[in-house]
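Quick note, my numbering runs 53 ahead of the 1-based positions in the sequence shown. Note that beta-carbon positions come from the ideal geometry of N, C-alpha and C, so glycine has one too. Below is one structure, written out as structure tokens; comments come after it.
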Amino acid sequence: MSTAVINDVLRSLDREIWLVTSSHGDRRSGLIATFVSNASIVPDMPRVVVGIAKQHHSWGVIEASGEFLMHLLDESHIERVWRFGLQSGHEGDKFAGLDVRVGQGGHPHFSDAPAWLHCKVEASLDIGDRMLYVAAVIDGRQERKTPRLTMRRLIELAPPERLRELRDGLARDAQVDAAAILAWRTTFRS
């Protein structure tokens with residue numbers, strides 16, 4: 054099977070967009086994540102798997118705190134996607150000027166999100182470009198039922214300049230990720 058065919062299959066998936074926030078000491082972080090999946094079928098033990106790229110500011114904050122909040126987004130939050138998905142927390146405070154509260158575990162919380170989950174890291178796996186976290190969901194709430202913002206819908210709604218920024222950012226991240234994956238594979242196979 055060719056890489057193009059494989060990528061067509063993978064692009065057919067339409068993942069929900071989450072805003073993941075965390076804090077530790079005076080550091081706070083937030084990023085947009087689509088690498089999120091349910092990790093348990095046990096109703097009394099909900100868990101998720103979340104992949105966080107190690108070059109992002111949020112990775113270091115989650116590593117230090119061992120927990121995070123996940124906010125499910127809908128179309129009314131598209132500006133947050135641009136702020137938390139196209140800016141770097143290494144370069145400044147993405148939360149500046151926003152109405153953000155202190156939520157569960159002291160992490161930044163957006164009370165207008167349709168749903169949120171408070172997660173505590175139980176295990177992690179370094180896969181080169183990302184850290185995969187298996188996290189227990191220790192609290193959460195669905196505030197309202199609205200259609201979820203997905204990657205496909207975000208692309209449909211994006212103005213041309215934002216779409217260009219998004220594609221450029223993804224291309225830059227792919228270069229960084231590719232180098233990290235190759236380095237990890239070399240170490241892993243040794």
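Can you tell which of the options has its C-alpha closest to the C-alpha of residue i?
i, options, result
"Val95", "Ala176, Val190, Arg68, Ile115", "Val190"
"Gly159", "Val62, Leu63, Ser65, Thr74", "Thr74"
"Ser129", "Thr240, Gly222, Arg206", "Arg206"
"Ser141", "Ser65, Thr239, Gly113, Ser164", "Gly113"
"Phe163", "Leu178, Lys173, Leu125, Pro200", "Leu125"
Here's a check: name, in chain order, each residue in its chain whose Cβ is nearer than 7 Å to the Cβ of residue i, leaving out the five neighbours to either side.
i, result
"Glu204", "Just to set this straight, residue 204 is Met in the shown sequence, not Glu. Cβ neighbours of Met204 beyond the five flanking positions: Asp67, Arg68, Ile70, Thr87."
"Gly104", "Phe88, Arg183, Leu185"
"Val187", "Ala92, Arg100, Val102, Glu175, Ala176"
"Gln157", "Leu122, His171, Asp192"
"Phe137", "Leu72, Gly83, Leu84, Ile85, Lys147"
"Glu132", "none"
"Ser118", "Ser75, Ser76, His77"
Measuring only between beta-carbons, confirm whether residue i sits less than 7 Å from chain D.
i, result
"Arg206", "Note that chain D does not occur in the displayed structure, where there is just one protein chain."
Apply the 10 Å Cβ neighbour rule to residue i and answer buried if 16 or more other Cβ atoms are within range, or exposed otherwise.
i, result
"Ala166", "buried"
"Asp192", "exposed"
"Glu144", "exposed"
"Ser76", "buried"
"Lys198", "exposed"
"Asp127", "buried"
"Glu120", "buried"
"Gly78", "exposed"
"Arg242", "exposed"
Excluding the 5 residues flanking residue i on each side, which residues of the same chain have their C-beta closer than 6 Å to its C-beta?
i, result
"Ala233", "Gly181, Asp182"
"Lys195", "First, the amino acid is wrong: residue 195 is Gln here, not Lys. Within the same chain, Gln195 has close Cβ partners Ala168."
"Asp230", "Asp182"
In the DSSP output, what is residue i paired with across the bridge?
i, result
"Ile105", "Met184"
"Ser82", "Ser75"
"Glu120", "Lys173"
Given residue i, which residues of its chain have a CB within under 8 Å of its CB, disregarding the five upstream and five downstream residues?
i, result
"Glu218", "Trp135, Leu139"
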